[in-house]
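Scroll down for the structure; my scribbles are underneath it.
Protein chains: 2
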Amino acid sequence: MFQRIKDFLLAGIASGRWKEGDVIPSEQALVKQFGVSRMTVNRAVRELTSEQVLTRRQGSGTYVAQQKYQATLLEIKSIADEVRARGHIHRSALQLLERTKASDLMARQFGLQSDPLLFHSLIVHYENGVPIQVEDRWVNPACAPDYMSQDFSSTTPNEYLMAAAPLQGATYSIEALSAPRDIADMLAIDTRQACLVLRRQTRSGGLVASIVTMWHPGHRYQFAGSFT
Amino acid sequence: MFQRIKDFLLAGIASGRWKEGDVIPSEQALVKQFGVSRMTVNRAVRELTSEQVLTRRQGSGTYVAQQKYQATLLEIKSIADEVRARGHIHRSALQLLERTKASDLMARQFGLQSDPLLFHSLIVHYENGVPIQVEDRWVNPACAPDYMSQDFSSTTPNEYLMAAAPLQGATYSIEALSAPRDIADMLAIDTRQACLVLRRQTRSGGLVASIVTMWHPGHRYQFAGSFT
DNA sequence: GAGTGGTCTAGACCACAAT
DNA sequence: TTGTGGTCTAGACCACTCC
């Protein structure tokens, strides 16, 4: 029974019936609706809370939690936020924004038939005026049809995509590569210097929403974390 | 009350009273011991189970779970296991094993007074005969006194340390660096080629147990993962 | 068959928030 | 004051394991 109630709540959130921040029915309401005791409802809701799907406020109600796009290591957050969190200034420069035919390889990675039209953006991010990331992003128009009309000086692609295409999952890889000439130029480093490269494929609504390759200068950028 | 029971169980595990795989008292026993109802005991034990501290088997009992050293991204596992999991052959070559004075910087990272004697090992790991990792490790003798007498051709330092010094926590960082000459030689790559460098500090028993820097050739090694 | 965990009930009292 | 979540009780029935 508690699992049925969990499923009911999860389905309601997945369907959009309850959105982030919305109140869901109270324990009493669920008790009546399902004809179970309050302890059973409580267990369902408490577990979803510990799974960070819901948040509860005593005396107030139970709410759908804000989505957290945190990964295993890699919290998917806007690099702008990251820079600001360090008390620094973020700026970005749009190098390219186009709607273009994807290569066969890229089409396969998106799981699309050959020759699909995809959105493609290339942006350089700066921290206190120093380039720290080249973001080379391909976007599935089916997931974010308005991608081309965004103002990427005020919103990062990440921020827009988070809102436009709710994240279902992602796969990523991290590697170290020598900077090719064009990347090196944009990062203002020597050609062939070591870059920390994060590739990430994100999924939304059963489709591959975006594939991004992020190049960082190896000597002034690192991923870090800890655990206990 | 349920929190007191959780604390009691956690303290028993931390103190070594119950070790991995041991049975802990049944719900009935805890009911009597704490003078609470079974639902309260059940909640405490169920939560510790969902936190993967315990495992339960219906009809049998509740056991202390096996420790899982998985990180956020980085499961701390033996590179030997990783290579074998790919169906490949792992081999390692011990380049250096010494007991030596640490630098001031290293001493500070261990939180020790100046001039401590530390163990230091340098090992190259091969996958199918190709070098894929240089492991430069410093070890706190207080945590692993027998480090120097291990046979590192059959056991990786990681495997030994896991057993000798139960892991409490770790911090890590990933960066991309150009290979210095000595590292490049050991990895059989060109000098200044991009390396994927993972640094990790592990803690055990309130001390810094080990600080390791792992160098990987950028073009034939990557960290990967996914989440939903 | 005895003991274990898995689950549910129908109440209860409390702290807190909104009004 | 009313409704919300936070917690606990003292029972109950079940499926399962182990001896």
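Sequence order for the protein chains is A and B. Position 48 of the first sequence, counted from 1, bears residue number 48 in the working numbering, the numbering being contiguous throughout. Position 195 of the second sequence, counted from 1, bears residue number 195 in the working numbering, the numbering being contiguous throughout. We put the CB at the ideal spot given by N, CA and C, even for glycine. It should be emphasised that the depicted structure is a prediction, and the values quoted were computed from it without experimental measurement.
Item                                                                                                                                                                            : Value
Using a Cβ-Cβ distance under 9 Å, would A:SER204 count as near chain B?                                                                                                         : no
Which residues in chain B have a C-beta closer than 9 Å to the C-beta of A:CYS143? List them in chain order.                                                                    : Going along chain B, no residue has its Cβ under 9 Å from A:CYS143, so there is no contact; the nearest lies around 16 Å.
Please compile the residues from chain A whose C-beta is within a distance smaller than 7 Å of the C-beta of B:LEU122.                                                          : Chain A residues near B:LEU122: none, gap ~20 Å exceeds 7 Å.
For a quick check, are the C-beta atoms of B:ALA194 and A:GLN193 less than 9 Å apart?                                                                                           : yes
Counting pairs of beta carbons, one from the region 131 to 140 of chain B and one from the region 204 to 221 of chain B, are three or more of them closer than 8 Å?             : yes
How about B:HIS216: is its C-beta nearer than 9 Å to some C-beta of chain A?                                                                                                    : yes
Are three or more beta carbon pairs between the region 22 to 37 of chain A and the region 27 to 39 of chain B nearer than 8 Å?                                                  : no
Quick check on DSSP: helix, strand or coil for B:PRO25?                                                                                                                         : coil
Between B:ALA93 and B:ILE123, how many whole angstroms is the CB-CB distance? I'm expecting something under 8 Å.                                                                : 7 Å
Could you tell me whether the Cβ of B:PHE223 comes closer than 9 Å to any Cβ of chain A?                                                                                        : yes
Is A:ARG192 close to chain B, meaning its C-beta is less than 9 Å from at least one C-beta of that chain?                                                                       : yes
So if I threshold CB-CB distances at 8 Å, which residues from the region 171 to 201 of chain A count as touching chain B?                                                       : THR171, TYR172, SER173, ILE174, GLU175, ALA176, LEU177, SER178, ARG192, GLN193, ALA194, CYS195, LEU196 and VAL197
Determine which residues share a DSSP beta bridge with B:ARG86 and list them.                                                                                                   : Looking at the DSSP assignment, B:ARG86 forms no beta bridge with any residue, so it has no partner.
Between B:GLU47 and chain A, is any beta-carbon pair separated by less than 9 Å?                                                                                                : yes
Leaving aside the five residues before and after B:VAL23 along the sequence, list all residues of the same chain whose C-beta is less than 8 Å from its C-beta, in chain order. : GLY61, THR62 and TYR63
Could you tell me whether the Cβ atoms of A:ALA80 and A:HIS120 are closer together than 9 Å?                                                                                    : no
Under 8 Å: do the region 161 to 181 of chain A and the region 88 to 106 of chain A share three or more Cβ pairs, one atom per stretch?                                          : no
Find out if the Cβ-Cβ distance for the pair B:LEU118, B:PHE110 is shorter than 9 Å.                                                                                             : yes
When burial is assigned at 16 or more other CB atoms within 10 Å of the CB, is A:PRO157 buried or exposed?                                                                      : buried
Using alpha carbons as the reference points, say which of A:THR40, A:ILE89, A:ALA144 and A:VAL130 lies closest to A:TYR229.                                                     : Only positions 1 to 228 of chain A appear in this structure, which leaves residue 229 of chain A out of reach.
Which residue from A:GLY21, A:HIS90 and A:SER114 puts its Cα closest to that of A:LYS101?                                                                                       : A:SER114
What does the Cβ neighbour count give for B:LEU96, buried or exposed, with the cut at 16 atoms within 10 Å?                                                                     : exposed
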